[in-house]
């Protein structure tokens, strides 16, 4: 890159802007970048008229659609950046055949009041934004043809697209793969940089001072998703559990969000960013986040309905059992294939029995208020929603590679508390690597003091989910009242071979037998596990074989239906299925009766005075 004196001046200005931005974020409850709203939105399906630009001898023809999606992401990112800078009043919506995203577009349009300007070809959009001064040229990259699927560990990965994306927000450049560079030339655009052969080590050494230190994107070079967010906010893009990801994680201001997803073991990639004081967002297949998040600071959030502790019949002496759906910290799932999916929120059994759902209200409030409000609007009376961590990280490992790690956990807890209060969420749940380690207990004590107004917490272990065996830890909140941190007792998980984990039939038997001797059950149900429907109570027959055929997988059930099978097998004379909120209050009343009655009376008085 040719850095002239003008480039150096611009770099200094960028540093000043980011210094201001870092302070603004540090003093704000937000953890995601802010996006200004547009007055107009232009849609694109990103194939359009560019198919005619396909070179006759082009390599990677099968990837043409993906290359055009990457190009559309870059145009969308520059438009979003232009709105933030006051240079344009137009943003882009990349179309997708998804009832969820169609719903979010409609709700976001109603919230922001922008004008829908219809569908436009990529050619017309590039010309339009070039004329407005938002597009100054293009960066060329080479497509990653390494053997293996997206988000897998592979040899000889070509990282040039991540380099190009990292530079695009700095240089106001669109992204063109080498075989479609002709598109840029025919549109009269200048090649601003050749990223081929470059790695993210080059970016670290040459443009670090021009990048945003408050967010990072981990993204497979085969994938286009989330690049608009990175370009709009000048985020670095890395991939792999390696030295360069660690270097950028150390450089990032803690605590910061990590967009996208990485390769390798889940615990390893999450542990890497956790130890530097950051958190995963699982946004790797999320789409159109710049528009969906626009002006989210001012969005009206419709509060979740929570259990009123005074309405609970504490004379019911049956053992309470609460079921919780896992993986709600996964934003791309909640915004993409959760709300309208008949396996999950749209399941016909939903609302038929008490059920707990982990979700990510802090993320949704900032990145997609439409999805959060939809959940609130459609929440059945006996469904309990809880915040799952405020991001995916392990509290017991958080910022362990920094001095005074609890300082950064406290910062994030205070931000989480803001969104708990905005959304009405009363239960905080999370995943620890080791639920009873000294570091985990430190985190529980901190959460109890900083998360204002919560009823209690539920701790899940990474492996196995029920590693805490129902142990309860008590910590005082900011008002001096003890609240519980309750660990899961069981987990519904396909082919589980650990104590307390297994099929719906097995878990129903264990609950009926009160196998943990705790007097209650908290069952964390693995959202992705598939099971066979069977006519009896065979504990093994429900398992779907690990090497199942496509037909077996198609006929199997996951999500809420297997939980229903478990609930139906319970002895309801002895077991009372409740929401996680109600279970927490029942535990509080049993273990701390005088204190709990005092709290309930205080809450009743507070509500009566409203």
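Residue numbers (the UniProt record's numbering): 1 to 610.
By construction, the Cβ of each residue, glycine as well, lies at the ideal position given by its N, Cα and C atoms.
Exercise. Under a Cβ-count criterion, where at least 16 other Cβ atoms within 10 Å of its own Cβ denotes burial, should residue 15 be classed as buried or exposed?
Worked result: Because the pLDDT at residue 15 is just 42, under 50, the model does not fix this residue reliably, and the value given afterwards should be weighed accordingly. By the 10 Å Cβ count, residue 15 comes out exposed.
Exercise. Would DSSP call residue 191 helix, strand or coil?
Worked result: Residue 191: strand per DSSP, three-state reduction.
Exercise. What does DSSP give as the partner residues of residue 175 in its beta bridges?
Worked result: Answer by DSSP bridge pairing, in chain order: 139.
Exercise. With a cut-off of 8 angstroms, do at least 3 Cβ pairs link the stretch 523-538 to the stretch 467-483?
Worked result: No, the stretch 523-538 is not in contact with the stretch 467-483.
Problem set entry | CA nearest to the CA of residue 80, picked from 169, 397 and 423 | Ranked by Cα distance from residue 80, the first of 169, 397 and 423 is 169.
For this session: Note down the Cα distance separating residue 102 from residue 597, rounded to an integer number of angstroms.
Result: If I take the Cα positions, the gap works out to 47 angstroms.
Problem set entry | As assigned by DSSP and simplified to three states, the class of residue 336 | In this structure, residue 336 counts as helix in the three-state DSSP scheme.
For this session: May I have the straight-line CA-CA distance separating residue 24 from residue 275, to the nearest angstrom?
Result: Low per-residue confidence applies at residue 24: pLDDT is 42, beneath 50, and the placement is therefore not dependable enough to give any value.
Exercise. In the structure shown, what three-state DSSP assignment does residue 385 receive?
Worked result: Residue 385 falls in the strand class under three-state DSSP.
Exercise. What is the rounded straight-line gap between the Cα of residue 531 and the Cα of residue 306?
Worked result: Each residue's alpha carbon lies about 31 angstroms from the other.
For this session: If I'm right that residue 554 touches residue 495 with Cβ under 8 angstroms, what's the distance once you round it to whole angstroms?
Result: Contact doesn't hold; Cβ gap of about 18 angstroms is too wide.
Exercise. So, residue 325 versus residue 357, is the Cβ gap smaller than 7 angstroms?
Worked result: Yes, the Cβ-Cβ distance between residue 325 and residue 357 is below 7 angstroms.
For this session: Note down, in chain order, each residue of its chain lying with its Cβ closer than 7 angstroms to the Cβ of residue 349, except the 5 sequence neighbours on either side.
Result: Within the same chain, residue 349 has close Cβ partners 560, 561 and 564.
Exercise. Which residue or residues does DSSP assign as beta-bridge partners of residue 392?
Worked result: The bridge partners DSSP lists for residue 392 are 280.
Problem set entry | Where residue 43 sits in the DSSP three-state scheme | The three-state secondary structure of residue 43, taken from DSSP, is strand.
Problem set entry | Segment contact flag, the stretch 108-123 with the stretch 201-211, C-beta cutoff 8 angstroms, min 3 pairs | Too few Cβ pairs lie closer than 8 angstroms, so no.
For this session: Would you kindly work out how many angstroms separate the C-alpha atoms of residue 95 and residue 43, rounded to a whole number?
Result: The alpha-carbon atoms of residue 95 and residue 43 are separated by roughly 6 angstroms.
Exercise. Counting pairs of Cβ atoms below 8 angstroms between the stretch 357-375 and the stretch 212-223, do you hit three or more?
Worked result: These segments do not touch.
For this session: Pull up the distance between the alpha-carbon of residue 243 and that of residue 155, whole angstroms please.
Result: For residue 243 and residue 155, the distance between alpha carbons rounds to 15 angstroms.
Problem set entry | First through last residue of the beta strand (DSSP E) which encompasses residue 356 | Segment 355-359, the beta strand (DSSP E) holding residue 356.
Exercise. Which one or two residues does DSSP pair with residue 217 in a beta bridge?
Worked result: According to DSSP, residue 217 bridges with 237 and 259.
Problem set entry | Segments of 4+ residues assigned as alpha helix (DSSP H) that fall wholly inside the stretch 478-534 | List check, alpha helix (DSSP H) in window: 504-512.
Exercise. Which value, in whole angstroms, describes the spacing of the CA atoms of residue 539 and residue 528?
Worked result: For the pair residue 539 and residue 528, the Cα-to-Cα distance works out to about 19 angstroms.
Problem set entry | Candidates 133, 35 and 464, of which the one nearest residue 434 by Cα | Per the Cα distances, 464.
Exercise. Based on the DSSP output, what are the partners of residue 116 in its beta bridges?
Worked result: Answer by DSSP bridge pairing, in chain order: 41.
For this session: Give the DSSP-derived three-state secondary structure of residue 2 in the structure shown.
Result: Note on residue 2: pLDDT 39, under 50, position unreliable in the model; the coordinate value appears next. Here residue 2 carries a coil assignment [DSSP, helix/strand/coil].
Exercise. Whose C-alpha, out of 130, 278 and 230, is nearest the C-alpha of residue 252?
Worked result: In this structure, 278 is the residue among 130, 278 and 230 with its C-alpha nearest to the C-alpha of residue 252.
Problem set entry | Unbroken beta strand (DSSP E) run spanning residue 580, endpoints | Here residue 580 belongs to no beta strand (DSSP E); instead the alpha helix (DSSP H) covers 580-591.
Problem set entry | Alpha-carbon spacing of residue 143 relative to residue 62, whole angstroms | Computed Cα separation, rounded: 12 angstroms.
For this session: Put residue 110 into one of helix, strand or coil per three-state DSSP.
Result: DSSP places residue 110 in helix when its eight states are reduced to three.
Exercise. From residue 492 to residue 330, what distance separates their C-alpha atoms?
Worked result: A direct Cα-to-Cα measurement between residue 492 and residue 330 gives close to 19 angstroms.
Exercise. Short check: CB of residue 166 to CB of residue 236, under 7 angstroms?
Worked result: In this structure, residue 236 lies closer than 7 angstroms to residue 166 by Cβ.
For this session: Could you name the residues that DSSP lists as bridge partners for residue 429?
Result: Beta-bridge partners of residue 429 (DSSP): 388 and 458.
For this session: Compare the C-alpha of residue 186 against each of 193, 138 and 569 and name the closest.
Result: Nearest neighbour of residue 186 by Cα position, chosen from 193, 138 and 569, turns out to be 138.
Exercise. So, helix, strand or coil for residue 684, using DSSP?
Worked result: Only positions 1 to 610 of the chain appear in the structure, and residue 684 is not among them; the question remains open.
Exercise. To which residues does DSSP link residue 474 through a beta bridge?
Worked result: Listed as beta-bridge partners of residue 474 by DSSP are 484.
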